[in-house]
Amino acid sequence: MKNYAKLLMVSTVFAVSLNAQTKDQMVKSIMDETYQNSQLETLAYELMDEIGPRLVGTPKMQQAHDWAVKRFQNWGIEAQNEQWGEWKAWERGPSSIEMVAPYAKSIEGMQLAWSPATSAKGLTADVVMLPVFTNKQEFNAWLPKVKGKLVMVSQYQASGRPEYNWKEYATPESFEKMKTESAAASEAWRKSIAATGETSKTLNEKLEKAGAAGIVSSYWSRGFGVNKIFSAGTKTIPVVDISLEDYGQLYRMIQHGKTPKLKINAQSKGKGTVPTFNTVAVIKGSEKPEEYVILSAHLDSWDGGTGATDNGTGTITMMEVARILKKNYPNPKRTIVVGLWGSEEQGLNG
């Protein structure tokens, strides 16, 4: 009996030791795969460079879903695109912006998401700046003046340097002066927009109904040369966003009595509605398959950039985790689900 007890104890200790050793080996294999055979750079290139922006309802969004499914399946992971609804279909085309008066100059900018197209020959029109208003009556009285014009609808920025750069290179006096003047200008602009009775989301539509030929914005992100490129908010006229420096030049021309003229050529395509999806991948659990570990990120992005930080990096990280687990821990106790959501940017849909 004593010998049996000793044998049982030795067997138990050996099993625990073997289990710990196996666990340590698995952890080591996972870390080796992570640091010595990482696929993140390849995945980043394929998603952000080859596919690029992933605006909901565009061919690029569908391409991203199909790419993710194929990648998962190549790793031996079950995956599919699950439809959750429909969204407006749109495809970005080539676009160009030229100043044609008072002299010729190429303007840095691009059309906004879901912007209507111009004719094949483009649109040429004078540029006017949204004035400062103190009440809605002033705004309504001014509205007829936008007919046939390109209307600038963003606040003028006197400097394109971010605050940290000012602080580093300016004198304390000029830094404080800049902050004071910038804050006052922003508050004045906010009050002026509020006085119109519109918001940044409804203003473009109001100008469109008043007969504007197009909208020109410059949504500065307060970094060197960085603008946010969101949606147009119009049904028939084009909307473009241009760089802070070019926008500032147009503003100053108008302030000094000159009337700049722009030619905009935007060849986007509206395509009705299309199905929208989430990409879902599953590694089924071996012991508790009805309990779940969820890994997720959103696959969609706006289309003014590659969508790398929002949320391409999150997407490829979830995919890489799934790949490594499938290779080194193919039979987890619980089911692992990877959800690449198809429309976080559009109201958290999907």
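Under our numbering, the letters of the sequence shown match residues 23 to 372, in that order. We put the beta carbon where it would ideally sit given N, CA and C, even for glycine.
- With fewer than 16 other Cβ atoms inside 10 Å of its own Cβ, ASN353 counts as exposed.
- Restricting attention to LEU321, ILE259, GLN177, THR258, the CA atom closest to the CA of GLY336 is found in LEU321.
- According to the DSSP secondary-structure assignment, ASP148 is paired through a beta bridge with LYS283.
- Burial of PHE94 is indicated by the presence of at least 16 other C-beta atoms within 10 angstroms of its C-beta.
- THR64 counts as exposed, since fewer than 16 other C-beta atoms from the protein chains shown sit within 10 angstroms of its C-beta.
- In this chain, ALA123 is not harboured by any alpha helix (DSSP H); it is covered by the beta strand (DSSP E) spanning 117-123.
- Straight-line measurement puts the Cα of GLY247 at about 7 Å from the Cα of LEU266.
- Ranked by Cα distance from TYR178, the options LYS143, PHE252, MET275 are led by MET275.
- Take the alpha-carbon of SER137 and the one of ASN96: they are about 37 Å apart.
- Two segments are said to touch when three or more pairs of C-beta atoms, one from each, lie closer than 8 Å; by this definition the stretch 102-110 does not touch the stretch 250-265.
- Looking at PHE252, PHE197, LEU77, the one whose alpha-carbon comes closest to that of ASP263 is PHE252.
- In this structure, SER239 keeps its C-beta atom at 8 Å or more from the C-beta atom of ALA139.
- Collapsing the DSSP output to three states places TRP89 in a helix.
- Assignment of THR301 by DSSP, reduced to helix, strand and coil, places it in the strand class.
- According to DSSP, ASN249 shares a beta bridge with TRP242.
- DSSP places ASN162 in the uninterrupted alpha helix (DSSP H) bounded by 158-164.
- C-alpha of SER214 to C-alpha of SER208: approximately 10 Å in a straight line.
- Taking the C-beta atoms as reference points, ALA235 is found no nearer than 8 Å to LEU165.
- CA-to-CA, the gap between SER60 and VAL359 works out to about 21 Å.
- Apart from sequence neighbours up to five positions away, the residues of its chain that approach ASP268 with a beta-carbon distance below 6 Å are ILE129, GLU130, ordered along the chain.
- Separation of ARG356 and LYS348 (C-alpha to C-alpha, rounded to the nearest whole angstrom) is 13 Å.
- Between ALA142 and the set ALA192, ALA288, GLY327, GLY279, the nearest pair of CA atoms involves ALA288.
- For LEU272, the enclosing alpha helix (DSSP H) stretches over residues 266-277.
- Rounded to whole angstroms, the gap between the alpha carbons of PRO184 and TYR67 is 29 Å.
- Around the beta carbon of ASP54, a 10 Å sphere encloses fewer than 16 other beta carbons of the protein chains shown; the residue is thus reported as exposed.
- The C-beta distance from VAL122 to LYS285 rounds to 5 Å, short enough to fall under 8 Å.
- Taking all protein chains shown into account, MET48 has fewer than 16 neighbouring C-beta atoms within 10 Å of its C-beta and is therefore exposed.
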